[in-house]
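Residue numbers (this note's numbering), protein chains in the order written: chain D, 12 to 126; chain W, 198 to 313. Note that CB positions come from ideal geometry on N, CA and C, so glycine has one too. Worksheet for the structure shown next.
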Amino acid sequence: KAGVTQTPRYLIKTRGQQVTLSCSPISGHRSVSWYQQTPGQGLQFLFEYFSETQRNKGNFPGRFSGRQFSNSRSEMNVSTLELGDSALYLCASSDGTGGAKDGYTFGSGTRLTVV
Amino acid sequence: GENVEQHPSTLSVQEGDSAVIKCTYSDSASNYFPWYKQELGKRPQLIIDIRSNVGEKKDQRIAVTLNKTAKHFSLHITETQPEDSAVYFCAATPNAGGTSYGKLTFGQGTILTVHP
């Protein structure tokens, strides 16, 4: 089956701008989780969506938001970008039942650089 | 919330040796423990996972052990090869609903280098 697809792979944005990242999960998976990966903080959970509803949220400011569409594709948005938002943003796909039958499969990520 | 500590942060071994990476977790409700391998510039890939109803799981050269009483789990790689060189992350989650949905708490990672 096709893997998790994230677009774009790379982005360069200026401070103060906003950005939208996209994630298409594995076919049949209804849960999409988002993570921020930085050298200093490691992998940190942003939020999780299931059936178009946010079920869980990490400790990030309100500038970070997301949504999920009826086809399970998810987008995350970061507004008023700061230099510290530079990171690899990863999404993970799962069946979302809590039993994690298939585990969590990660996409290749979007590398965001804020200048 | 859950907190996962991973040791060591770097590990250097000779080809053919064994490598062991250890993680401890804080939330006794955690019941799913995956391990991911991340090569430079690539996505984290699940290499093995274990659920709380078993104490050990093996897949060829890789094994994971879990001690729920002590709240720690370990990754064991035998007969290491240069292509095993990567960053390895452990993670934990209650995975049982509520605020645990979709949330893996990761360790800080271990940089494994296998010298030929």
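Cβ-Cβ separation, Leu-272 of chain W to Thr-249 of chain W (assumed contact under 8 Å), whole Å: It should be noted that the sequence gives Ser, not Thr, for residue 249 of chain W. The pair is not a contact, with the Cβ atoms about 16 Å apart (cut-off 8 Å).
Residues within the segment 240–273 of chain W neighbouring chain D, beta-carbon criterion of under 8 Å: Arg-240, Pro-241, Gln-242, Leu-243 and Asp-246
Touching by the beta-carbon criterion (3+ pairs, under 8 Å), the segment 91–110 of chain D and the segment 29–37 of chain D: yes
Three-state secondary structure assigned by DSSP to Pro-231 of chain W: Assigned with DSSP and collapsed to three states, Pro-231 of chain W falls in strand.
Cβ-Cβ distance between Gly-306 of chain W and Val-201 of chain W below 7 Å: no
Residue burial classification, Asp-96 of chain D (beta-carbon count within 10 angstroms, cutoff 16): buried
Contact set between Tyr-298 of chain W and chain D, taken where Cβ atoms lie within less than 8 Å: Ser-42, Glu-59, Phe-61, Arg-66, Asn-67, Gly-107 and Gly-109
Segment contact, 8 Å Cβ cut-off, at least three pairs: the segment 80–94 of chain D with the segment 17–35 of chain D: yes
Stretch pair the segment 210–227 of chain W + the segment 112–126 of chain D: three plus CB contacts closer than 8 Å: The segment 210–227 of chain W vs the segment 112–126 of chain D: no contact.
Neighbour flag for Phe-303 of chain W against chain D, beta carbons, 7 Å: Phe-303 of chain W counts as touching chain D.
Identity of the residue in W:Glu-236, W:Ser-227 and W:Tyr-229 nearest Pro-279 of chain W by Cα: W:Glu-236
Any chain D beta carbon closer than 7 Å to Pro-205 of chain W: no
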